[in-house]
Each structure stands twice: as structure tokens, then as C-alpha cells.
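K.L.:
First, the structure itself, so that you have it in front of you.
Number of protein chains: 2
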Amino acid sequence: MLPKVTLIAIGTELVALGRADTNGEWLAARIVRAGYEIEQTLRVADDMILLASVFQSALERGNVVISTGGLGPTEDDRTRAALAAAAGVSLVRDDVRLALLRGLFAARSIPFGPGQARQADRPAGAEWIDNPFGSAPGLDLRRGGGRLFALPGVPAEMKAMFDAHVAPALGTGRGVLHRVLRIASRGEGTVDDELKDVYATPGLSVTILSHPGQLELHLRVVAGPEAQRTIATVEREVRARLGDAVYGADADTLASVAGALLAARGETVGTAESCTAGLLAAALTEPPGSSVWFRGGLIVYADVLKRSLAGVAAETLARHGAVSEAVAGELAAGARERLGADWGIGVTGIAGPAGGGADKPVGTVHIAIRGPRGERNRRYLFHGDRGQVRAHTVNAALDGLRRLAGSPA
Amino acid sequence: MLPKVTLIAIGTELVALGRADTNGEWLAARIVRAGYEIEQTLRVADDMILLASVFQSALERGNVVISTGGLGPTEDDRTRAALAAAAGVSLVRDDVRLALLRGLFAARSIPFGPGQARQADRPAGAEWIDNPFGSAPGLDLRRGGGRLFALPGVPAEMKAMFDAHVAPALGTGRGVLHRVLRIASRGEGTVDDELKDVYATPGLSVTILSHPGQLELHLRVVAGPEAQRTIATVEREVRARLGDAVYGADADTLASVAGALLAARGETVGTAESCTAGLLAAALTEPPGSSVWFRGGLIVYADVLKRSLAGVAAETLARHGAVSEAVAGELAAGARERLGADWGIGVTGIAGPAGGGADKPVGTVHIAIRGPRGERNRRYLFHGDRGQVRAHTVNAALDGLRRLAGSPA
């Protein structure tokens, strides 16, 4: 049984403002991918007694503990002292490290005060973790069955020190195999129903994460002789049941999958967007190298631009209104023609909060796609606020594109 | 002195996948706004012993504890039992609540099993918190100086129960006044230097959060007769020193500020983007009602589109290259003319990871703005990955627009 991991982010400002802990998200992804299980993630204010008790209880549980923050030169930086208190050892100034720090500061002509000198303090028995980018070294402390790595909170320093020291020290956990299947245009409820008996596969743990227009199906199996085969069997079964709703796995995105399909055929795409106002084009160009298959886009918020830029007929606008299947179709055709692209996507809708009516409520969106191997016209009614309606729209359009672009000639 | 708050999100899937805790972010915002201080936020796996120890240590510190999750009908739902263990009391089945739950399930024709019955268990002495949307009731437990509210993890249920029960029970903390000043195009280091003595204002606590091209300066003062005046004095001083780098406060965004300046004068803006590929237009249309002042945009990834759509001269492209001040200027002028907008913004750059060279490394971006009250041409060298370069570019363009749009005729 592998030890479990406790992540601790230290800093009153982190806690007090309730912000996302991006260091923690980065570390969690690394640790899960390495095959370890995370047992708890904590964000703790700069409070000596609280910190010491948190360190102590995690070490007592035999956890691998990774902390970020609290290693700087100021009074607020209490990780070193808390760690010594938790381990029941004294804090000792390391003369060699002190000389090293003095040299570092002298080389940069930065004053070296008592605060800086505190960065040479370590709990007796702890080892240093070198910091390639900053002055604050990290600490590596073993205690009973537990082991604690204290890293600085500056992301670039933390990441470099994790990769150079912590990851090799941990080794590959091989504790858990983790596979993510990516699903588009299906609700969590229907997927749950279709996969209920698959979820019951012995040794398998399943989590669904839901995003606007997308689901992530996380499959995890504890390592063992059958683990690889279990994951493969489950994946095959999921793909058989959900068909082409499964668009990819692991790091794939809808845009990267659609782009690869286009690139393989030497085809290109262009966009004409109203309510999403550039978000679709931005998503299509998120993968590096997208200039191979993305030509450009038209953002036609004002109706007069739908005509002048995308070539939508005045009569179509007058008869059907700007949010209509007919206008979406002409936008797609216009994008294709005016942008010299093989595929054109037209999007028009009401993202809200204002602009909705009885027959076209907020969330009404039309998406049209035109291309050499097919076309598609869809009307949607998306729920959520302005941002969610726009996010749903982008993912529905990308899903439509990858379905058509992947279809046979 | 007000009690401090501990937030605990319960659920192995939350911890194991290292995802953002959106319940926790929602709660943190409410709690900070109510004037309370958060001391720690924890995410904990469904482990009885761990949960009980976490509850116990938070209650012992006299904290207000708010937990989410672990109140459902399955074996994994261990909040009730862990809470009883932490409080050192027994878990008691409540017959009245049991009858209530049975009735609820019967009305919906859902089978009622032993798992459901467990939702009628509560630690002796705890009070129920009614759940308006689901079957799992919450728990309200006082213990020594501490008080714990256990809420379900389903966001809609949790939020309704927080607002109906927890918020009134806590009352307004009035512990902390909180003001956010928003700053563009200044580095954290220079702002720190300029404000060093302001930070030392008695009773003031300052946190800077850094985003690409933007800073948030959080000012917090513990309530008291002078608190309002202290915040106002500090804000005046910060604005005096940083001048128009302070673009807004609290919920303002660069786009909302720029949009309001345009709307006040009845002016409009349009965009011609290369490397940001629609992100600038998407940011400009994030504020509801942006159709008043946003016309549309051109996304000109392919060079031939820079010519055909935005009217960039072939000679300019040939002589200066696509990433140049001259091309940015012609893009801005083209956006203005072709989109019928008062203001035009042109953006061209190298977002990476490929495409950089010795004289134009990755991160090189040119932004040009043309309008009735001025123009602006800037070259930037942004650091970071593809996403960060694009985010920096959008914020620099928005900052340029709000500076020019706000200038006198």
C-alpha cells in the first residue's frame, strides 16, 4: 500500500480571499498522474500553532506531505518553525547554507538582513532542496512513516523543485492507473444510465466531471496484474455504448481533435460568429500550430456587418430575424467563401441576460456548418448565464465540426 | 474578536482529481463579504477517522466550521458519524425526521431503503437544517466555543441552505471592510515599491493578486469607528500615486470600464486580431449590453486575409512582416473602416510556442489603436506560454482602449 498524499498551501492571503490554488491544482495533476492518491488538500493561514498541528497530524498518518509557501524572509513565513515544532526537533541555523545565501545576495547586490538569514534555518535532521530560481531553499524531512517536502509558493520555483527533487524521490507510485475519456453533447444523467453496470466493474472507480457541453469520465483502477486490462476493457465497452460521443482521451480537446482531422486532409476552417464574438475562433486556435488549418473569422455583432462581411442577405435577416437557422446557414456559407476556407461555421444566438423573447428565449442558439463532406444545422436552447451559454455554444460548434470533418468523403 | 471560519469540502472524488472546489469558492466569497475571516479551507477524502479528527481540531480552535458533502444515503457518506465521533456524542435516529423522509420518498414514488433511513441520523444535540431541494438534511452543532454547519455537496441545495440557515445564524460579521482596487499595466514589484509606506498604515492588511497584465490590490481593515475612513484615505493615496494605472474598483473589469467610456460618448469599437484570434472581441463582449458599443471584429490568421478583410497593403506585409507596428496600424485602421466603428484595434504577434526568431522572439506583440481622440502604437514582449501571451495581449489592448477612450477631445 502506497502512502497517501496531503497537499498544504500556506498563506493567509490564499485563504482569506478564497482564490483558486493554482499551485495545488498543478501538484494534484502531477501526483495523480504519477499514480499516487491524494487524501486531503489544505489551505492554511500563516499561524504557527495551526500549521504545526496540521503538519503533525499528516505526518502521523504516514502521509507524504507537500507544502507550498511560507519559506520567505519575512515574519509571516512560518513553515520552517512550524515544521520543527511538528517534528519535535529544534530549528538550527546552517552555516554552510548561510554562506551560500550571502554569496547569492552579494552577487546580485541585494542587501542581506536578518530576515534573509532565517532562510538558512532548518529543523534538525531535514535536508535542503535547492532552489534554482530564488533564494528560499526547500526542506525534505522524514518523520516516522511520513515524509514532508516544503516548497516555496512562487510557482516557477515550486514547479522546478518538484520536478528536480520531489518527483524522483517519490518515484512512480504505480498505485493507480488513470484514464480520462472525453465525451461531447451528452448529459451526465443519460451517460450514467447507459454505463450503470460498467461502473460496477470490480476494482474500478469512476468519476464524471461536467462542463458546458462536455463530460470527462475518469476511470481509475488500483495497480495490479489485471489493472491495464481492466481499464482497456472498460474503455472498449464505454466506446461501444456511447459511440462517437466519445471524442478523445486524456489530453485531447475538441479543438485539437477537430484540427487533427482537418490537418490530415489538408483542409481549413473559418468562422462567422455573433453571440460568441470570437470565442469559437479563440478555442480553435488554442492548440499550437493551429494556423495550419485555421484561416480566420468574422465577428458580426451588428446586423449590418452580417450583411457586409459575411454576405447574409438583407431579406433573410428581415424575414427570419438575426437568430435563425437561415442566418446561421448564410453565416457558415459566408465564412467559407469570404475566408477561403474548406469548412465554414456560422453561429448566432441570444447569450443574455437581455434580448430574449417568448419564441426565442435567452439561450437560443443556431449553429450551422458547411463543408466539402456535409453540412449541419442545429437549434439549441442552452441554460445558464451569459458565460455558460457562450461556452456551451463553442463546444457544440466544435463537436459538430469534428463529427463532420471526420466523416468519410 | 469574531470566530474564524474553517471550510471543509468532503469527498474522495474532489480530492483525488484535484479539481477546483466551486462550492468552497462560493462560500468563501459569501463569508469574506459578510466580514468573517477564513482560517483554513480543507478538502478531505471520505475517511471516517480523518474526518472526525479534522472536525474535532477545528471545533477545538473555536472555529465556525462549514462542511459540504458526505450527507447522502450511501456508505461513503460519513459526515454524520464523523461529526458524532468528533463531538464525543452518539448518533441517534430521529423518528420524526424519519417519518418526514418516508413521506417525501413516498410522494415521489422512490424506494426508501436503509441508506435513506440513515439520513435521519444525527449526533445527539445537533439541530436539523432543512433542505428545500433534496432529501439530505443538514446539521447544526454547537460544541464548546465552536459551531459546525454540515451542508450537502449539491450546489443548489448547499447554497439555499447557507442563505436560509447559516447566514442568518452567523449574522453580519462586520469584522472586515474589503475594497479591491484594479490596476493595469504595472508590475507587482513597482507597485510594491511605490506603496511600501502605504502598506504600513495601522490596521490595514494588503494583498496583491497578479494576473497577466493586471493586478488586484485587496485592502482590508478590521471594523471599527475609523475603518471606513482608513480605507478611503488609503484608496485616495493609492490613486494619487499610481494615477490612471488604477482603472477601477471591486467588480469593474477593463472591458466594462472601456465600454462605459464609449457608451457615454455614443462611440463604438471594432477589432482586427491575429495572434489573439477573437479573444479580444470576446473580452469586449463579456459585459452584458456590449452590443451598444461593440460592432464586430476581423480574425485574420492567414496573411491573405489581413489584406482582403482588413485592407493591409501587400507592400506593408512584404516590407515589415506580419508582426510589425506597420501591420498593426493598418489592421486598426482597417477595423475602424471595414466595421464602421469609431475606434479600431489591431493586434498582431507571436503567441508561440513556434514561430519566434532572433529579432522577433515568441511573445513579441504589436497593438495599435486608432480613433477620434487619439492613436497608440505599442510593441510588447510578453512572457509565458501561448495562453499567457494571449491573455497579456488582450489586457494590454483593453487598457490602451480605456486610456484613449477616456481622454478629452
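Line by line, the protein sequences give chains A and B.
Counting along the first sequence from 1, when you hit position 397 you're at 397 in the numbering used here, and nothing is skipped either side.
Counting along the second sequence from 1, when you hit position 225 you're at 634 in the numbering used here, and nothing is skipped either side.
Glycine included, each C-beta is placed from N, C-alpha and C at the ideal position.
It should be emphasised that the depicted structure is a prediction, and the values quoted were computed from it without experimental measurement.
Can you find a CB in chain A that lies within less than 8 Å of the CB of PRO412/B?
P.N.:
Within the second sequence, residue 412/B is the residue found at index 3, counting from 1. With 8 Å as the cut-off, PRO412/B does not count as an interface residue toward chain A.
K.L.:
With distances taken from CA atoms, which of GLY334/A, SER407/A, ARG402/A is nearest ILE183/A?
P.N.:
Within the first sequence, residue 183/A is the residue found at index 183, counting from 1. The option with the nearest alpha carbon to ILE183/A is ARG402/A.
K.L.:
Can you tell me whether ASN377/A is helix, strand or coil according to DSSP?
P.N.:
One-based indexing of the first sequence puts residue 377/A at position 377. In the structure shown, ASN377/A sits in a strand (DSSP, three-state: E or B).
K.L.:
Using the Cα positions of LEU436/B and ALA263/A, report the straight-line distance between them to the nearest angstrom.
P.N.:
The count along the second sequence starts at 1 and reaches residue 436/B at position 27. The count along the first sequence starts at 1 and reaches residue 263/A at position 263. Cα to Cα, the separation comes out at about 45 Å.
K.L.:
Using a Cβ cut-off of 9 Å, pull out every chain A residue sitting near GLY815/B, in sequence order please.
P.N.:
Residue numbering aside, residue 815/B sits at position 406 when the second sequence is read from its first letter. By Cβ distance, chain A contributes nothing, its closest Cβ being about 22 Å from GLY815/B, past 9 Å.
K.L.:
Going along the chain, which residues of its own chain have a beta-carbon closer than 7 Å to the beta-carbon of GLY374/A, five neighbours each way excluded?
P.N.:
Here the question's residue 374/A lines up with position 374 in the first sequence. So the qualifying residues of the chain are LEU404, SER407.
K.L.:
Here's a check: name, in chain order, each residue in its chain whose Cβ is nearer than 6 Å to the Cβ of ARG556/B, leaving out the five neighbours to either side.
P.N.:
By one-based count along the second sequence, residue 556/B stands at place 147. Excluding positions up to five away in sequence, the list reads VAL473.
K.L.:
Since ALA690/B meets chain A, which of its residues come closer than 7 Å, beta carbon to beta carbon?
P.N.:
Taking the second sequence and counting its residues from 1, the one referred to as residue 690/B is at position 281. Ordered by position in chain A, the residues that pass the 7 Å Cβ test against ALA690/B are ALA277, GLY278, ILE299.
K.L.:
Inspect the CB distances between the region 278–297 of chain A and the region 328–343 of chain A and report whether three or more fall short of 8 Å.
P.N.:
Contact holds: three or more Cβ-Cβ distances are below 8 Å.
K.L.:
Using alpha carbons as the reference points, say which of THR694/B, PHE514/B, GLY766/B, ALA686/B lies closest to VAL756/B.
P.N.:
Translated into the one-based positions of the second sequence, residue 756/B becomes position 347. Residue ALA686/B is the option with its Cα nearest to VAL756/B.
K.L.:
Go ahead and label GLU484/B buried or exposed: buried means 16 or more other beta carbons lie within 10 angstroms of its beta carbon, across all protein chains shown.
P.N.:
Here residue 484/B refers to the residue found at position 75 of the second sequence. The residue is exposed, with fewer than 16 neighbouring Cβ atoms inside 10 Å.
K.L.:
Taking 8 Å as the cut-off, decide whether the C-beta atoms of ILE846/B and ILE458/B are in contact.
P.N.:
Limits of chain B in this structure are 410 at one end and 818 at the other, which puts residue 846/B out of reach.
K.L.:
Please list the terminal residues of the continuous alpha helix (DSSP H) segment that includes TRP26/A.
P.N.:
Working through the first sequence from its first residue, we reach residue 26/A at position 26. Per DSSP, TRP26/A belongs to the alpha helix (DSSP H) from 22–33.
K.L.:
Jot down the residue ranges of each uninterrupted alpha helix (DSSP H) in the region 506–556 of chain B, minimum 4 residues, whole runs only, in chain order.
P.N.:
Counting only runs of 4 or more, we get 523–527.
K.L.:
In this structure, what does DSSP give as the bridge partners for HIS218/A?
P.N.:
Taking the first residue of the first sequence as position 1, residue 218/A is located at position 218. Paired residues: VAL180/A, THR207/A.
K.L.:
Output needed in chain order: residues of the region 614–641 of chain B with a Cβ under 7 Å from some Cβ in chain A.
P.N.:
Correct list: THR616, LEU618, HIS627.
K.L.:
Does the region 680–694 of chain B come into contact with the region 612–627 of chain B, if we say contact requires no fewer than three beta-carbon pairs (one atom in each stretch) closer than 8 Å?
P.N.:
These segments do not touch.
K.L.:
Give me the subset of the region 331–350 of chain A whose CB atoms are less than 8 Å from a CB atom of chain B, sorted by chain position.
P.N.:
Hits within the stretch, in order: ARG338, LEU339, GLY340.
K.L.:
Using C-beta distances below 7 Å, list every residue in its chain close to VAL732/B, excluding the 5 sequence neighbours before and after it, in chain order.
P.N.:
Within the second sequence, numbered from 1, the residue matching residue 732/B stands at position 323. Excluding residues within five positions, the ones whose Cβ falls inside 7 Å are THR757, GLY758, ILE759, LYS769, THR773, HIS775.
K.L.:
Tell me whether THR74/A sits in a helix, a strand or coil according to DSSP, three-state version.
P.N.:
Locating residue 74/A in the first sequence gives position 74, counting from the first residue. DSSP places THR74/A in coil when its eight states are reduced to three.
K.L.:
Can you tell which of ARG511/B, ARG517/B, GLY753/B has the C-alpha that lies nearest to the C-alpha of ARG823/B?
P.N.:
Outside the displayed range of chain B (410 to 818) lies residue 823/B, so it cannot be described from this structure.
K.L.:
Give me, in chain order, the residues of the same chain whose beta-carbon lies closer than 7 Å to that of VAL463/B; leave out the 5 immediate sequence neighbours on both sides.
P.N.:
The sequence position of residue 463/B within the second sequence is 54, counting from 1. Excluding sequence neighbours, VAL463/B sits near ILE417, LEU451, VAL453.
K.L.:
DSSP three-state label for TYR247/A, please.
P.N.:
Position 247 of the first sequence, counting from 1, holds the residue named residue 247/A. Strand, per DSSP.
K.L.:
Residue range of the beta strand (DSSP E) that HIS383/A falls in?
P.N.:
The sequence position of residue 383/A within the first sequence is 383, counting from 1. Where HIS383/A is concerned, there is no enclosing beta strand (DSSP E), given that its DSSP letter is neither H nor E.
K.L.:
Could you work out which residue in ALA800/B, ALA461/B, GLY553/B is closest to LEU693/B when comparing CA atoms only?
P.N.:
In the second sequence, the residue the question calls residue 693/B occupies position 284. The shortest Cα separation from LEU693/B among ALA800/B, ALA461/B, GLY553/B belongs to ALA800/B.
K.L.:
Any idea if ILE129/A is buried or exposed, counting beta-carbon neighbours within 10 angstroms, 16 or more meaning buried?
P.N.:
Counting from 1 along the first sequence, the entry for residue 129/A is found at position 129. The residue in question, ILE129/A, is buried, as its Cβ has 16 or more Cβ neighbours within 10 Å.
K.L.:
May I ask you to report which of helix, strand or coil DSSP gives SER700/B?
P.N.:
Counting from one through the second sequence, the residue named residue 700/B turns up at place 291. In this structure, SER700/B counts as helix in the three-state DSSP scheme.
K.L.:
PRO762/B touches chain A at which residues, Cβ-Cβ below 8 Å?
P.N.:
On the second sequence, residue 762/B is found 353 positions in, with the first residue counted as 1. Simply PRO288.
K.L.:
Per the contact definition of three or more C-beta pairs closer than 8 Å, is the region 490–507 of chain B in contact with the region 524–538 of chain B?
P.N.:
Because the criterion of three Cβ pairs below 8 Å is met, the region 524–538 of chain B and the region 490–507 of chain B touch.
K.L.:
So what's ALA9/A in DSSP terms, helix, strand or just coil?
P.N.:
As a first step, residue 9/A is located in the first sequence; it is residue number 9 there, counting from the start. ALA9/A falls in the strand class under three-state DSSP.
K.L.:
Using 8 Å as the Cβ pair cut-off and three pairs as the minimum, do the region 651–669 of chain B and the region 243–258 of chain A touch?
P.N.:
The region 651–669 of chain B is not in contact with the region 243–258 of chain A.
K.L.:
Is LEU548/B near ALA526/B, with beta carbons less than 8 Å apart?
P.N.:
Working through the second sequence from its first residue, we reach residue 548/B at position 139. Working through the second sequence from its first residue, we reach residue 526/B at position 117. No, the Cβ-Cβ distance between LEU548/B and ALA526/B is not below 8 Å.
K.L.:
Considering only C-alpha positions, which residue in the set HIS383/A, GLY334/A, GLU237/A is nearest to VAL300/A?
P.N.:
Taking the first residue of the first sequence as position 1, residue 300/A is located at position 300. Here the closest residue by C-alpha is GLY334/A.
K.L.:
Going by beta-carbon coordinates alone, are ASN432/B and PRO523/B separated by less than 8 Å?
P.N.:
Taking the second sequence and counting its residues from 1, the one referred to as residue 432/B is at position 23. Taking the second sequence and counting its residues from 1, the one referred to as residue 523/B is at position 114. In this structure, PRO523/B does not lie closer than 8 Å to ASN432/B by Cβ.
K.L.:
Since ALA335/A is in the beta strand (DSSP E), which residue starts that stretch and which ends it?
P.N.:
If you number the first sequence from 1, residue 335/A lands on position 335. Run containing ALA335/A: none in the beta strand (DSSP E); it sits in the alpha helix (DSSP H), 325–338.
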